[in-house]
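First residue of the sequence shown: 931, per the working numbering; consecutive thereafter. A virtual CB, placed ideally from N, CA and C, is assigned to each residue, including glycine. It should be emphasised that the depicted structure is a prediction, and the values quoted were computed from it without experimental measurement. Worksheet: one structure, shown below.
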Amino acid sequence: MSEHPTEASTREAGTDRRKEHVVPDLPPGVTPARVRTFVRRGRLSSLTKDRVERLAPARSLPEGTFDAEAAFGRRAPVVLEIGCGHGHAAIAYAAAFPEHDIVAMDVHTPGLARMLADADEAGVPNLRVEIGDAVLFMEERVPDATFDAVHLFFPDPWRKQKHTKRRFVSPANLDLLGRVLKPGGHVLIATDQDFYAEHALAEVAAHPRFDARRVPRPEWRPRDGFEAKGIAVGRTINELRLDPLP
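And the structure:
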């Protein structure tokens, strides 16, 4: 998963010649709970527009409060993937666990359009797609104890010190995750950035509602996207699991 980093040009210094996207400093008084962990960018191609128009209606969530049974037409364990990128992990999970349902979210419409096409080809009926900010989605539309798991794969690391508050793993978002998880639920995090893994572990250690530990890589997840790029340059893939404390 990726949240489509706005600092992607800095991740592979010297190898990516794209112009760095300038992200403004946080204004005074803005708290981490309201800080976006992404920046929208890019224009929509005709292919993207066509895919969204044709394929999104069948996989979109109903408006209003999220109701898994209404969205999927059955009662089953439900997973939320935040920042799903092109959807490789979400589609693989849906295929590996047909008895589960998964909601894949991102703000990057071209990536979601590609996922819609790939999901259609894969024939996974247990996948739904939501374009938008996962934090607002959880805050405004998700009832307590809704998800059996939340996946956060390769989030934007926001490596600059002045952008630390933009990292998704934060006290406010941990509170939010603790609310929307069912009892016994968990959060899976993967990152190829060691400093981000340490950041996440430190945030969880200081949080009263979660425990964190390193875990083996899930066998069902494909090695596409940032994972493949990280491995290619010799990075370690950090796999973390967060469990709510009793």
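State buried or exposed for residue i, treating a residue as buried only when at least 16 other CB atoms are found within 10 Å of its CB.
| i | result |
| --- | --- |
| residue 1036 | buried |
| residue 1153 | exposed |
| residue 1091 | exposed |
| residue 1122 | buried |
| residue 1140 | buried |
| residue 1163 | exposed |
| residue 1010 | buried |
| residue 871 | Absent from the model: residue 871. The displayed extent of the chain is 931 to 1176, so no value can be given. |
Comparing alpha-carbon positions, which option in the options lies nearest residue i?
| i | options | result |
| --- | --- | --- |
| residue 1031 | 1047, 1018 and 1057 | 1057 |
| residue 1006 | 1147, 1055, 1049 and 1175 | 1055 |
| residue 913 | 1118, 1045 and 1106 | In this structure the chain extends from 931 to 1176, so residue 913 is not present and cannot be described. |
| residue 1143 | 1094, 993, 1061 and 1175 | 1175 |
| residue 1106 | 974, 1137, 1171 and 1165 | 1137 |
| residue 1039 | 997, 1116, 1027 and 1063 | 1063 |
| residue 1146 | 1089, 1094 and 1171 | 1171 |
If you draw a straight line from the alpha carbon of residue i to that of residue j, how long is it in whole angstroms?
| i | j | result |
| --- | --- | --- |
| residue 1161 | residue 1120 | 13 Å |
| residue 1135 | residue 1076 | 24 Å |
| residue 1085 | residue 981 | 25 Å |
| residue 1099 | residue 1167 | 17 Å |
| residue 1126 | residue 1169 | 11 Å |
| residue 1131 | residue 976 | 42 Å |
| residue 1041 | residue 1050 | 14 Å |
| residue 1033 | residue 1008 | 8 Å |
| residue 1074 | residue 1151 | 27 Å |
| residue 1001 | residue 995 | 11 Å |
| residue 1012 | residue 1053 | 21 Å |
| residue 979 | residue 973 | 10 Å |
| residue 1083 | residue 1029 | 22 Å |
| residue 985 | residue 1116 | 30 Å |
| residue 1093 | residue 1014 | 22 Å |
| residue 1159 | residue 1148 | 18 Å |
| residue 1102 | residue 1027 | 30 Å |
| residue 958 | residue 1047 | Confidence in residue 958 is poor, its pLDDT being 45 and thus under 50, which makes the residue's placement unreliable; the coordinate value appears in the next sentence. Each residue's alpha carbon lies about 42 Å from the other. |
| residue 1043 | residue 1016 | 8 Å |
Does the beta-carbon of residue i, which I'm using as the reference point, lie nearer than 7 Å to any heavy atom of the ligand SAM?
| i | result |
| --- | --- |
| residue 1161 | This structure simply doesn't include the ligand SAM, nor any ligand for that matter. |
Ignoring anything shorter than 4 residues, give me the alpha helix (DSSP H) runs that lie fully in the region 1015-1042, in order along the chain. Within the region 1015-1042, the complete alpha helix (DSSP H) runs of at least 4 residues are 1018-1026.
The region 1095-1113 / the region 1062-1069 touching (three or more Cβ pairs under 8 Å): Three or more beta-carbon pairs drawn from the region 1095-1113 and the region 1062-1069 are found closer than 8 Å, and the two stretches are therefore classed as touching.
Assess, as a yes-or-no matter, whether the region 985-1000 is touched by the region 1017-1029 under the definition of 3 or more beta carbon pairs within less than 8 Å. No contact exists between the region 1017-1029 and the region 985-1000.
Beta strand (DSSP E) runs contained entirely in the region 1043-1113, provided each spans 3 or more residues: Within the region 1043-1113, the complete beta strand (DSSP E) runs of at least 3 residues are 1057-1061 and 1077-1083.
List, from N- to C-terminal side, the alpha helix (DSSP H) runs of 4 residues or more that fit wholly inside the region 1104-1166. Taken in chain order, the unbroken stretches of alpha helix (DSSP H) that lie wholly in the region 1104-1166 and span 4 residues or more are 1124-1135 and 1156-1162.
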